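Novice:
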Amino acid sequence: MKKVLKFILVLFLFVALVGCKDKDEAFKAVESLIDNIGEVTLEDEALIKEIEEKYNALSAKDQEKVANLAVLVDAQVTLDSLKFLAELDINYDNATLAILNQLKGKINNLSNDVASKIQNEINAAEDKINKHIKNLEFETAVLALNGEVNKEALAQLDLIYETITDEFKAKLNADIKATYLALSAQAKEQGGDPEDPEDPEDPNKTEEQLAIERYLTTVFPDKVSMGFVLPEVYSGVRFTYASSDNIYFDPEFMFFMPDDDYHDLTLTVHYTLSGVEYTTDIDVTLVPNKYSEAYDFIYNQFRPPIGASYDYISFEDRYNPTVTYQIRSLNPEIMDNQLKLVEKPNVEQYITLMLIIQYPDEEPVEMEMILPVMAKTFLEKARAMEEVYLRYLEQFLDNGVLSQDLILPTEDKDFDVDLTWSSDTPAFLSNDGVYTGPVGNVGAQVVLSMNVHSKDQSAVHTIAYRLYLKGADTPEGWDAVDVN
Numbered sequence: 048m049k050k051v052l053k054f055i056l057v058l059f060l061f062v063a064l065v066g067c068k069d070k071d072e073a074f075k076a077v078e079s080l081i082d083n084i085g086e087v088t089l090e091d092e093a094l095i096k097e098i099e100e101k102y103n104a105l106s107a108k109d110q111e112k113v114a115n116l117a118v119l120v121d122a123q124v125t126l127d128s129l130k131f132l133a134e135l136d137i138n139y140d141n142a143t144l145a146i147l148n149q150l151k152g153k154i155n156n157l158s159n160d161v162a163s164k165i166q167n168e169i170n171a172a173e174d175k176i177n178k179h180i181k182n183l184e185f186e187t188a189v190l191a192l193n194g195e196v197n198k199e200a201l202a203q204l205d206l207i208y209e210t211i212t213d214e215f216k217a218k219l220n221a222d223i224k225a226t227y228l229a230l231s232a233q234a235k236e237q238g239g240d241p242e243d244p245e246d247p248e249d250p251n252k253t254e255e256q257l258a259i260e261r262y263l264t265t266v267f268p269d270k271v272s273m274g275f276v277l278p279e280v281y282s283g284v285r286f287t288y289a290s291s292d293n294i295y296f297d298p299e300f301m302f303f304m305p306d307d308d309y310h311d312l313t314l315t316v317h318y319t320l321s322g323v324e325y326t327t328d329i330d331v332t333l334v335p336n337k338y339s340e341a342y343d344f345i346y347n348q349f350r351p352p353i354g355a356s357y358d359y360i361s362f363e364d365r366y367n368p369t370v371t372y373q374i375r376s377l378n379p380e381i382m383d384n385q386l387k388l389v390e391k392p393n394v395e396q397y398i399t400l401m402l403i404i405q406y407p408d409e410e411p412v413e414m415e416m417i418l419p420v421m422a423k424t425f426l427e428k429a430r431a432m433e434e435v436y437l438r439y440l441e442q443f444l445d446n447g448v449l450s451q452d453l454i455l456p457t458e459d460k461d462f463d464v465d466l467t468w469s470s471d472t473p474a475f476l477s478n479d480g481v482y483t484g485p486v487g488n489v490g491a492q493v494v495l496s497m498n499v500h501s502k503d504q505s506a507v508h509t510i511a512y513r514l515y516l517k518g519a520d521t522p523e524g525w526d527a528v529d530v531n
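What the sequence shown shows, in this note's numbering, is residues 48 to 531, in sequence order.
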């Protein structure tokens with residue numbers, strides 16, 4: 048009996064030792080597999096998946112023992128990056144609006160690790176996507192005119208067309224582009240709408256008065272809701288309001304009181320400049336209560352001034368489940384129809400988002416949401432100027448090299464900055480852009496620095512351009528401008 052018990056004990060210890068050895072070999076086997084990972088390609092997907100499965104099968108204690116786990120994690124991130132780059136590798140010229148918007152959505156949903164690994168490629172893809180979307184939306188808007196000269200719509204299309212680069216203007220459908228140009232020309236020939244003439248600015252008003260009235264005209268939409276916030280102060284000037292009908296507007300607390308009908312109101316705005324009181328009138332339409340509530344549900348999700356995308360806002364109103372919403376941007380160069388911020392403007396400005404509200408079995412109602420957008424930071428503006436002035440300098444080139452004086456501006460009103468210039472070799476090219484003539488036989492390189500100054504002179508950013516100056520035997524076709 049003792050021999051039997053001894054045999055069982057020995058067998059148990061043997062099994063236990065073998066089990067421990069197998070466990071040790073299990074996590075070491077995973078480490079060994081990870082060591083086999085080299086430069087990751089799409090063909091490594093099966094291997095990486097196998098290793099992950101074996102790693103996940105380990106106990107939590109053994110998982111902690113895997114010393115080279117970081118290599119596996121990086122390999123998975125690299126693989127995901129390669130797979131997404133393959134998704135981005137499409138013919139953008141033939142892509143539909145749905146496909147492009149789908150890609151934008153996928154970019155937004157990328158993990159931070161993957162996005163960081165291929166950030167440059169993502170930036171390039173987003174630039175392509177946004178430009179192609181702008182083209183497609185522009186073409187759709189032109190077709191929606193049905194050949195009619197709609198001056199308001201064409202004025203918006205003119206603004207959009209000006210923001211399309213020459214490269215992408217060439218990609219527009221030739222027939223649609225020709226239709227737009229013809230309609231735009233007709234609209235310009237016809238001039239203003241005689242039935243709705245614009246009031247000329249009163250020459251007897253001061254510039255300060257005109258600036259205030261331009262501001263008020265900008266920020267008031269045609270239709271207002273109960274939740275519309277009236278401006279109270281602008282540039283230190285305080286406003287008070289009176290209404291043509293106080294049943295629907297409370298002048299003391301400055302809010303609208305809708306009912307079940309539309310009401311046209313005239314608001315008289317009172318303000319004081321240099322001790323003198325002035326007034327100006329603003330005409331608005333107060334919408335029925337149900338449209339007011341629907342408008343406020345969307346409008347209140349924005350937090351002006353706009354400084355980021357709002358593509359996450361909710362269109363599901365649990366208190367008003369039958370209503371549907373659409374939004375169309377009238378400033379797609381700044382914010383697109385998906386509420387993605389495309390680019391901040393150089394100076395703060397207002398954009399208009401057209402909110403389309405529709406109840407079942409009723410015609411849709413359009414209401415403007417007029418929102419301020421933050422300007423680019425100084426550094427953002429300076430970086431944006433780098434490409435602009437690269438193209439600017441290129442216009443002075445002759446067959447790829449510089450052989451004439453440069454005209455160097457001292458300010459940029461569009462970007463609201465001052466500019467100074469300096470040359471590292473003034474004998475060949477002065478700080479004022481004066482070109483001294485051919486430099487020897489082979490020419491010379493000169494670094495021309497553009498110093499971008501904020502208007503208050505509190506910040507400066509320098510962009511250096513390397514110029515190739517013409518020599519007697521300089522070959523044609525050099526890339527004459529590089530950015531340092």
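All residues carry an ideal CB built from backbone N, CA and C; glycine is no exception. From a predicted model like this one, the values you see are computed outputs, not experimental measurements.
Hey, is the region 457 to 469 in contact with the region 498 to 513, meaning 3+ C-beta pairs nearer than 8 Å?
Specialist: Result yes; three or more Cβ-Cβ pairs closer than 8 Å.
Novice: Would you check if there are 3 or more beta carbon pairs closer than 8 Å linking the region 259 to 277 to the region 303 to 311?
Specialist: Segments in contact, yes.
Novice: Taking C-beta to C-beta, are valine 118 and lysine 101 nearer than 8 Å?
Specialist: It is not a contact, given that the beta carbons lie outside the stated cut-off.
Novice: Hey, out of His508, Leu514, Lys270 and Val412, whose CA is closest to aspartate 445's CA?
Specialist: The shortest Cα separation from aspartate 445 among His508, Leu514, Lys270 and Val412 belongs to Leu514.
Novice: For the alpha helix (DSSP H) that contains glutamate 255, what are its first and last residues?
Specialist: Element bounds for glutamate 255: 254 to 266.
Novice: So, helix, strand or coil for lysine 235, using DSSP?
Specialist: Looking at lysine 235 - three-state DSSP - the assignment turns out to be helix.
Novice: Just checking my contact of isoleucine 353 with leucine 418 at CB under 8 Å: how many whole Å lie between their CB atoms?
Specialist: Contact holds; Cβ gap of about 5 Å.
Novice: Among the candidates Asn197, Leu144 and Leu476, whose CA atom is the shortest distance from the CA of leucine 183?
Specialist: Ranking Asn197, Leu144 and Leu476 by Cα distance to leucine 183 puts Leu144 first.
Novice: What is the DSSP secondary structure of leucine 192, reduced to helix, strand or coil?
Specialist: Correct three-state label for leucine 192: coil.
Novice: Could you check if threonine 125 is buried or exposed, using at least 16 other CB atoms within 10 Å of its CB as the buried criterion?
Specialist: With 16 or more other Cβ atoms within 10 Å, it is buried.
Novice: Is the beta carbon of leucine 495 sitting closer than 8 Å to the one on leucine 476?
Specialist: Yes. Within cutoff.
Novice: So the alpha helix (DSSP H) tyrosine 564 belongs to, where does it begin and stop?
Specialist: There is simply no residue 564 to check, as the chain begins at 48 and stops at 531 in what is shown.
Novice: Does DSSP put valine 25 in a helix, in a strand, or in coil?
Specialist: This structure does not reach residue 25, given that the chain is present from 48 up to 531, and the question cannot be answered.
Novice: At which residues does the alpha helix (DSSP H) containing valine 389 begin and terminate?
Specialist: Note, valine 389: premise wrong, no alpha helix (DSSP H); not H, not E.
Novice: Glutamine 373 by DSSP, collapsed to three states: which one?
Specialist: The answer is strand: DSSP assigns glutamine 373 an E or B state.
Novice: Are there 16 or more other CB atoms within 10 angstroms of the CB of isoleucine 360, so buried, or fewer, so exposed?
Specialist: Result: exposed.
Novice: Quick check on tyrosine 512: buried or exposed, where buried means 16 or more other Cβ atoms within 10 Å of its Cβ?
Specialist: By the 10 Å Cβ count, tyrosine 512 comes out buried.
Novice: Put aspartate 109 into one of helix, strand or coil per three-state DSSP.
Specialist: Three-state result, aspartate 109: helix.
Novice: Starting from the Cα of lysine 181, find the closest Cα among Phe425, Thr509, Ser450 and Glu380 and give me that residue.
Specialist: Taking only the C-alpha atoms, the option nearest lysine 181 is Glu380.
Novice: Any idea if tyrosine 309 is buried or exposed, counting beta-carbon neighbours within 10 angstroms, 16 or more meaning buried?
Specialist: By the neighbour-count rule (16 or more Cβ atoms within 10 Å), tyrosine 309 is not buried but exposed.
Novice: Take isoleucine 404 and list the residues in its own chain whose beta-carbon comes closer than 7 Å to its own, dropping the five residues that flank it on each side.
Specialist: Cβ neighbours of isoleucine 404 beyond the five flanking positions: Tyr338, Ala341, Tyr342, Val370, Tyr372, Pro411, Val412 and Met414.
Novice: On the premise that threonine 226 lies in contact with valine 196, defined as a C-beta separation below 8 Å, what is that separation, rounded to the nearest angstrom?
Specialist: The Cβ separation is near 11 Å, so there is no contact.
Novice: Does the beta-carbon distance from proline 278 to phenylalanine 286 come in below 8 Å?
Specialist: In contact: proline 278 and phenylalanine 286 (Cβ atoms closer than 8 Å).
Novice: Per the contact definition of three or more C-beta pairs closer than 8 Å, is the region 282 to 296 in contact with the region 307 to 324?
Specialist: Verdict: yes, contact present.
Novice: Could you give the first and the last residue of the continuous beta strand (DSSP E) run that contains threonine 399?
Specialist: Where threonine 399 is concerned, the enclosing beta strand (DSSP E) stretches over 396 to 405.
Novice: Looking at the secondary structure, which residues open and close the alpha helix (DSSP H) in which tyrosine 102 lies?
Specialist: From DSSP, the alpha helix (DSSP H) with tyrosine 102 extends over 92 to 104.
Novice: Between the alpha carbons of tyrosine 281 and alanine 258, how many angstroms are there, rounded?
Specialist: Their Cα atoms are separated by approximately 10 Å.
Novice: Going by CA-CA distance only, name the one from Leu320, Pro268, Ala200 and Glu92 that's closest to glycine 283.
Specialist: Among Leu320, Pro268, Ala200 and Glu92, the Cα nearest to that of glycine 283 belongs to Leu320.
Novice: Residues in its own chain within less than 6 Å of aspartate 330 by CB, not counting five upstream and five downstream?
Specialist: So the qualifying residues of the chain are Thr313.
Novice: Suppose contacts are defined by Cβ-Cβ distances below 8 Å. Is leucine 201 in contact with alanine 234 by that definition?
Specialist: Closer than 8 Å, so yes.
Novice: Confirm, please, whether the CB-CB distance from leucine 377 to serine 356 is below 8 Å.
Specialist: Cβ atoms of serine 356 and leucine 377: not closer than 8 Å.
Novice: Measure from the alpha carbon of tyrosine 436 to the alpha carbon of each residue in Ile510, Glu173, Asn384 and Glu260, then state which is nearest.
Specialist: The option with the nearest alpha carbon to tyrosine 436 is Ile510.
Novice: Following the continuous beta strand (DSSP E) through leucine 201, name the residue where it begins and the one where it ends.
Specialist: Careful: leucine 201 lies outside any beta strand (DSSP E), inside the alpha helix (DSSP H) at 198 to 210.
Novice: So what's asparagine 498 in DSSP terms, helix, strand or just coil?
Specialist: Strand at asparagine 498.
Novice: Can you say whether leucine 516 is buried or exposed, counting buried as having 16 or more other CB atoms within 10 angstroms of its CB?
Specialist: Result: buried.
Novice: Assign lysine 68 to one of two classes, buried (16 or more other C-beta atoms within 10 Å of its C-beta) or exposed (fewer than that).
Specialist: Confidence is the limiting factor: at lysine 68 the pLDDT is only 48, short of 50, which leaves the residue's position unreliable, though a coordinate-based value still follows. It counts as exposed.
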